[in-house]
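J.: Please see the structure below; I have some questions.
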Amino acid sequence: MGGVPSRDACPTFFSLRYGSHEIALIPLLRRYFCNENKELRKQFVRMRNDPSVRYNFMRSPKYNMKELPPASYTEKDLDTFLEVIEETLYDSLQEMVEDEDAPLRPVPCAVCFVYVNGREGTDCFLFYGRRINVIGQFGCHRYEDKKDDEPCLYLQKAILKAAGDRTLERVVTLAAMTLKEEFFRAVTTVNREANAREMFLRRISRLPLVSSTFWNSYPVLKFLYDTAAWSWSVGNVQEHNDAP
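Be aware that the sequence shown starts at 875, since it is given in our numbering, and climbs by one per residue.
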């Protein structure tokens, strides 16, 4: 779940509003996280070094559960991850759509709050005409410093504790819809007669879905339950023509 893996995908700001709140996804690509977007890079690094993120989400195996991993994430680590992602991209939407036998690897994204109705948040900044604040990340790459040895949808998630327990559930909904809508749009652009839904299901189903969490982490366990339910429903949704 995330952005489509193509270098010429249309620059888009994906967002989901619920009540008076709105969250958005920004694909982790050079076009967005370039050196000119200093505040975006700065906030992403700060999010990764947050104590709750270090302890609950991005823990290295070399630290036991009694230890809080150090705040060691840097812009160099971000650049390495961006390079890993770049290597997975197709040069064009046409190349991506026509590679029908390959699994569909979504692009990881940064998660942000969008401030609506004139609201101002601490450290928020202007991005694509919206005032935002980076609060997490979501993606399906197992490693951030090298290619995955066996491609799979390995859920990597990180959300600031201050963002609330339910935010992660909304992020997975937005990430799934983002990938689906962007892929459908790409297929329509390349070949209007192609069956976008069939292509999407066939290519996404070739990647096993893998995730893990602490046994007592209710917010993440709830997230995993919802993700499993969504993944199961992808191939089991039925259409009915007798809607009221």
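Ideal placement from N, C-alpha and C gives every residue a C-beta, glycine not left out.
Quick one: grab the DSSP three-state call for residue 1114.
T.: Any reading at residue 1114 is ruled out, since the residue's pLDDT is 38, under 50, leaving its predicted position unreliable.
J.: Report the CB separation of residue 919 from residue 948 in whole angstroms; it is logged as a contact under 8 Å.
T.: Indeed they touch by this definition, with Cβ atoms about 7 Å apart.
J.: Look up residue 1065 in the DSSP assignment and say whether it is helix, strand or coil.
T.: It is coil, neither helix nor strand.
J.: Counting Cβ pairs, one atom from each stretch, are 3 or more of them under 8 Å apart for the stretch 908-924 and the stretch 994-1008?
T.: They touch, by the three-pair rule.
J.: Could you name the residues of the same chain whose beta carbon sits closer than 8 Å to that of residue 934, not counting the 5 residues immediately before and after it, in chain order?
T.: Correct list, in chain order: 943.
J.: My parser needs the alpha helix (DSSP H) runs of 4 or more residues fully inside the stretch 970-1018; what are they?
T.: DSSP runs (the alpha helix (DSSP H)) wholly in the stretch 970-1018: none.
J.: Looking at the structure shown, is residue 1024 part of a helix, part of a strand, or coil, going by DSSP?
T.: If DSSP states are grouped into helix, strand and coil, residue 1024 belongs with coil.
J.: When you compare the CB positions of residue 1053 and residue 985, do they come within less than 9 Å of one another, or not?
T.: No, the pair does not count as a contact, with Cβ atoms beyond the cut-off.
J.: On the three-pair Cβ rule with 8 Å, is the stretch 972-979 touching the stretch 1069-1083?
T.: Short answer: they touch.
J.: Output the distance between the C-alpha atoms of residue 876 and residue 1019, rounded to the nearest integer angstrom.
T.: Distance between the alpha carbons of residue 876 and residue 1019 is about 19 Å.
J.: For a minimum of 3 consecutive residues, which ranges assigned as the beta strand (DSSP E) are wholly contained in the stretch 895-982?
T.: Those beta strand (DSSP E) runs which fall completely within the stretch 895-982 and span 3+ residues are 895-901.
J.: Measure how close the beta-carbons of residue 1048 and residue 1085 come, nearest whole angstrom, since I'm counting them as under 8 Å.
T.: Contact flag wrong, Cβ pair sits at about 17 Å.
J.: Assuming residue 880 and residue 963 are in contact, meaning their beta carbons sit under 8 Å apart, how far apart are those beta carbons, in whole angstroms?
T.: Indeed they touch by this definition, with Cβ atoms about 6 Å apart.
J.: Provide the residue span of the alpha helix (DSSP H) that contains residue 1076, from first to last.
T.: Start and end: 1070-1078.
J.: With distances taken Cα to Cα, identify the nearest neighbour of residue 1065 among 968, 1055, 989.
T.: The shortest Cα separation from residue 1065 among 968, 1055, 989 belongs to 968.
J.: Please report the straight-line C-alpha distance between residue 938 and residue 922, rounded to a whole angstrom.
T.: Answer to the nearest angstrom: the Cα atoms are 19 Å apart.
J.: Answer yes or no: do residue 896 and residue 987 have a C-beta to C-beta separation smaller than 9 Å?
T.: For residue 896 and residue 987, yes; Cβs fall inside 9 Å.
J.: Strictly by DSSP, which residues pair up with residue 1084?
T.: Residue 1084 pairs with 1028.
J.: Taking the straight line between their C-alpha atoms, what separation do you get for residue 1060 and residue 936?
T.: Spanning the two alpha carbons is a distance of roughly 41 Å.
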